[in-house]
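Colleague: Input: one structure, supplied below.
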Amino acid sequence: KLILMSGGITNLLYSVENSTVDNSVRTLAQQLNCKNNKSNSSNKLLSHQEVFNCLIKKNASQIAEESENANVTYYTNIPSVRGFNIILNDSVFFNGSVFEELKNGNMKYNVDVLFGMPNNDGSFFLPILKNATQFGCTYGNIFNYTNKTCEFNETTYFNFFNFTSNALEFNTSVFNNTIKKQYYVSNDNNTMRQNASKFLTDVLFRCRLIEFARKINIKTHGTYYAYYFNMTSPEHI
19 KLILMSGGIT NLLYSVENST VDNSVRTLAQ QLNCKNNKSN SSNKLLSHQE
69 VFNCLIKKNA SQIAEESENA NVTYYTNIPS VRGFNIILND SVFFNGSVFE
119 ELKNGNMKYN VDVLFGMPNN DGSFFLPILK NATQFGCTYG NIFNYTNKTC
169 EFNETTYFNF FNFTSNALEF NTSVFNNTIK KQYYVSNDNN TMRQNASKFL
219 TDVLFRCRLI EFARKINIKT HGTYYAYYFN MTSPEHI
């Protein structure tokens with residue numbers, strides 16, 4: 019059985035190339051003063067073993083704190099303060115490229131599939147995007163939000179769409195013909211926040227989940243189930 023939610027394995031927010039993660043981990047090791055054994059210098063290229071031997075001696079809080087440094091997380095599609103990475107091409111878990119596996123249909127066929135379609139996931143990630151303060155988001159404890167966590171006005175609302183459009187490499191045509199018509203409104207704060215959350219939900223999660231569902235639907239022969247995840251709460255922005 020296969021259970022998927024939040025964009026599945028091709029999630030746009032945290033799926034990256036192995037070389038990108040390798041560079042990021044090396045940068046992290048350098049900033050934690052990991053040294054090359056031969057030269058005793060952090061400026062020399064470290065081997066994978068040297069990086070591993072050094073980082074395993076650091077405590078989790080050191081690694082987590084330094085990982086949020088802009089020099090380490092600069093590469094992500096839409097950088098966020100905290101998250102994980104799905105490495106799309108490796109020699110351990112996927113044993114190759116996940117996109118090639120999907121393209122060639124190299125997957126199990128006789129499986130039942132349950133798809134969970136998120137309707138509000140973007141609201142969880144909106145306040146933790148890098149530079150979120152530029153579009154009116156502030157918070158103390160992660161995922162402990164109130165209706166004051168992200169307060170948009172016309173300026174910060176424009177900053178949000180400008181930031182995300184640049185990160186996603188949307189051209190002017192896409193912005194004017196799609197984003198402005200579907201999401202971009204200059205209205206009250208709540209409407210702006212809802213539309214910003216919907217934009218993130220659609221772009222980062224729903225679209226990729228639908229795309230993934232179509233790809234595996236061509237190859238698999240099991241039963242398909244689906245549900246919408248609509249949960250909200252008073253603390254949900």
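Counting from 19, one number per residue, gives the positions in the sequence shown under our numbering. Using N, Cα and C, we set each Cβ at its ideal position, and we do this for glycine too. All of these numbers come straight from a predicted model, not from anything done at the bench.
Do you know how far the Cα of Ile197 is from the Cα of Gly134?
Modeller: Reading the sequence shown from its first residue, position 116 is the one you call residue 134. Reading the sequence shown from its first residue, position 179 is the one you call residue 197. Roughly 25 Å between the two C-alpha positions.
Colleague: So what does Pro257 bridge to, in DSSP terms?
Modeller: Here the chain comprises residues numbered 19 to 255, so residue 257 is not present and cannot be evaluated.
Colleague: Give a single yes or no on whether Ile197 has its beta carbon closer than 6 Å to a heavy atom of the ligand SAH.
Modeller: The ligand SAH is not part of the structure shown, which contains no ligands of any sort.
Colleague: Give the secondary structure of Leu147 by DSSP, where H, G and I count as helix, E and B as strand, and everything else as coil.
Modeller: In the sequence shown, the residue the question calls residue 147 occupies position 129. In the structure shown, Leu147 sits in a strand (DSSP, three-state: E or B).
Colleague: Going by beta carbon distance, what residues of the same chain come within less than 7 Å of Ala47, once the five residues before and after it are set aside?
Modeller: On the sequence shown, residue 47 is found 29 positions in, with the first residue counted as 1. So the qualifying residues of the chain are Leu64, Val69, Cys72, Leu73.
Colleague: If I'm right that Asn177 touches Gln152 with Cβ under 8 Å, what's the distance once you round it to whole angstroms?
Modeller: For the purposes of this step, residue 177 is identified with residue 159 of the sequence shown, where counting begins at 1. For the purposes of this step, residue 152 is identified with residue 134 of the sequence shown, where counting begins at 1. Right, the Cβ-Cβ distance comes to about 5 Å (below 8 Å), so this counts as a contact.
Colleague: Should Met210 go down as buried or exposed, given a rule of 16 or more other Cβ atoms within 10 Å for buried?
Modeller: As a working mapping, residue 210 is identified with position 192 in the sequence shown. Met210 is buried by the Cβ-count criterion.
Colleague: Smallest Cα separation from Lys247: which of Lys76, Thr174, Arg224?
Modeller: Counted from its first residue, the sequence shown places residue 247 at position 229. It is worth fixing the name first, because residue 247 is Phe in this sequence and not Lys. Looking at the Cα atoms, Arg224 is the closest of the given residues.
Colleague: Determine, using beta carbons only, whether Asp139 and Thr219 come nearer to each other than 7 Å.
Modeller: Your numbering for residue 139 matches position 121 in the sequence shown. Your numbering for residue 219 matches position 201 in the sequence shown. A contact, by the Cβ cut-off of 7 Å.
Colleague: Give the secondary structure of Tyr115 by DSSP, where H, G and I count as helix, E and B as strand, and everything else as coil.
Modeller: The count along the sequence shown starts at 1 and reaches residue 115 at position 97. The sequence shown places Ser at residue 115, not Tyr. Strand, per DSSP.
Colleague: Could you give the distance in angstroms between the alpha-carbon of Thr45 and the alpha-carbon of Asn54?
Modeller: Position 27 of the sequence shown, counted from the start, is the residue given in the question as residue 45. Position 36 of the sequence shown, counted from the start, is the residue given in the question as residue 54. Looking at the two C-alpha atoms, the distance is approximately 13 Å.
Colleague: Just grab the DSSP bridge partners of Cys155 for me.
Modeller: The count along the sequence shown starts at 1 and reaches residue 155 at position 137. Answer is Cys168.
Colleague: Have a look at Lys76 and Asn41 and give me their C-alpha separation to the nearest angstrom.
Modeller: Reading the sequence shown from its first residue, position 58 is the one you call residue 76. Reading the sequence shown from its first residue, position 23 is the one you call residue 41. Their backbone Cα atoms lie some 19 Å apart in a straight line.
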